[in-house]
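Under the working numbering, the first residue of the sequence shown carries the number 3, and numbering increases by one thereafter. To start, the structure under review is shown below, and the notes come after it.
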Amino acid sequence: MTPDSTPDRAPLRSWLPGFVLLAAIWGSSFLFIKIGIRELHPVYVTLGRVGTGALTLLVVLAVLRDRLPRDRRLWLHLTVVAAFGVALPFTLFGYGEQRIPSMLAGIWNATTPLVVLPLAVLVFRTERLTARRAVGLGLGFAGVLVVLGVWQGVGGATFTGQLMCFGAAACYGLAVPYQKRFVAGRAVSGLALSAAQLLLATVQLAVVAPLVAGAPPVPTALSWDVVASVLALGAFGTGLAFVINMHNIRVIGASAASTVTYLIPVFAVLIGALVLDETPTWHQPVGALVVLLGVAVSQGFLRWPGRPETMTARAVPTVAARN
């Protein structure tokens, strides 16, 4: 989602290192999920992740002398955002990566803006559909079909895993406009909102996890790489990454900061190939490029000549915007 205004142009050295680091952190999250699900149920991977992330943001809140929201009604709305923007999509990516490579999950994460826009237009009425955006959506969903390789037929574990990852993106697509409609504009910092979301998601998962996956595992029975991966997911991929993203938004504006979307699948593919020896089929990166082209067109980063359109969407800080 892009804002109607951005800060003056900032020097590259003030934001580019953090921008690239953020893409690398979010892109590597799919590697850590892949490692975590080797010994943990996807629900417990998510629980460990959001719990660690919540603790990280609470420490940052304390250092900055910020505080959690006090409005009870706001907490109710954040409960919905926590479920559909944090707990459910994070878990679906874990289930998906039981069936598909981590690099492919990273590609599916890039489809989030394509789901956000139609829901924002048709359900929440926070956006309007223009010809440019319609073309971008068409391109993006054509790319989705290419990633799926629909000409090869559908079905099987791989197809199911891809649908789960697309379902995670769909959850983000619901959470982002919901948050824009019911949470944006409150006199609460983005950091406090995200910390509250992670706290609520931790409580939700703590209740659901034993029902879905049985008793929690004994931490000492887990290998060090699994424990380290879950902690990295929470502290870096969910906690520190949000702080970096907020810095980027302040320095270059939400519109420019959101272009990190284009780098995340690049890092996910590179890390999956180098660390896990994953190899994509030809149509998956090709489809990813078509998806990203559609995202660029629909969000106004690529425009055809003519009268410029006004960007009316205002960015809403959320840990659910990216995995």
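Backbone N, C-alpha and C fix where the C-beta goes; we use that ideal spot for every residue, glycine too.
Report back the beta-carbon spacing between residue i and residue j to the nearest angstrom; my notes put them in contact at under 8 Å.
i	j	result
PRO179	LEU121	5 Å
TYR46	PRO219	7 Å
PHE168	HIS79	Going by Cβ atoms, the distance from PHE168 to HIS79 rounds to 25 Å, so no, they are not a contact pair.
GLY138	SER260	Contact flag wrong, Cβ pair sits at about 14 Å.
ASN111	PRO267	7 Å
VAL271	MET166	At roughly 19 Å, the Cβ-Cβ gap does not stay under 8 Å, so VAL271 and MET166 are not in contact.
ARG69	LEU60	About 10 Å; that fails the 8 Å criterion.
LEU200	ALA56	4 Å
ILE27	ALA243	5 Å
GLY38	VAL228	6 Å
GLY142	GLY302	At roughly 14 Å, the Cβ-Cβ gap does not stay under 8 Å, so GLY142 and GLY302 are not in contact.
VAL1	LEU24	The question about residue 1 has no answer here: the residues shown for the chain are numbered 3 through 325.
Please state whether DSSP places residue i in a helix, a strand or coil.
i	result
THR283	coil
GLU99	helix
ALA26	helix
ILE246	helix
ALA186	coil
GLN154	helix
SER191	coil
GLN164	helix
ILE109	helix
VAL220	coil
MET3	Any answer about MET3 is weak, because its pLDDT of 37 lies below 50 and its placement is not dependable; what the coordinates show is given next. MET3: coil per DSSP, three-state reduction.
GLN301	coil
ILE251	helix
SER225	coil
ILE39	coil
LEU265	coil
PRO179	helix
PRO19	helix
PRO13	coil
THR314	Here THR314 scores only 40 on pLDDT, less than 50, and its place in the model is too uncertain to base an answer on.
Can you find the residues in the same chain that come closer than 8 Å, C-beta to C-beta, to residue i, ignoring five residues on each side of it along the sequence?
i	result
TRP77	PRO71, ALA198 and LEU202
LEU150	VAL156, PHE161, GLN164 and GLY289
VAL344	Since the first residue of the chain shown is 3 and the last is 325, residue 344 is not available in this structure.
THR54	VAL232, LEU233, LEU235, GLY236, ALA237, THR240 and GLY241
HIS285	VAL148, VAL149 and GLY151
THR58	GLY236, ALA237, THR240, GLY241 and LEU242
PHE34	SER231, VAL232, ALA234, LEU235 and GLY239
Please work out which residues of its chain come closer than 7 Å, Cβ to Cβ, to residue i, disregarding the five sequence neighbours upstream and downstream, and give them in chain order.
i	result
LEU207	VAL45, THR48, LEU49, VAL52 and ALA89
LEU119	GLU129, ARG135, LEU139 and SER300
GLY20	ILE246, HIS249 and ASN250
Looking only at its own chain, which residues have a Cβ that is under 6 Å from the Cβ of residue i, when we skip the five neighbours before and after it?
i	result
ALA322	Because ALA322 carries a pLDDT of 45, less than 50, the predicted location of this residue cannot be relied on, and no value is offered for it.
HIS43	ALA215
THR93	PRO44, VAL45 and THR48
ALA172	VAL117
VAL205	none
ALA84	GLN199, LEU202 and ALA203
LEU265	ALA25
LEU224	GLU41
PRO91	ALA170, CYS173 and TYR174
Taking Cβ positions only, does residue i come closer than 8 Å to chain D?
i	result
LYS36	This model lacks chain D altogether; it includes just one protein chain.
- request: Indicate whether the contact test is met: 3 or more Cβ pairs, each with one atom in the region 146-164 and one in the region 88-101, closer than 8 Å.
  value: yes
message: Contact between the region 271-283 and the region 126-145 is defined here as three or more beta-carbon pairs at a separation below 8 Å; is this criterion met?
response: no
Secondary structure, beta strand (DSSP E): runs of 3+ residues fully inside the region 112-146: none
- request: Please list the segments of the beta strand (DSSP E) lying wholly inside the region 49-100, counting only runs of 3 or more residues, in order along the chain.
  value: Correct list: empty.
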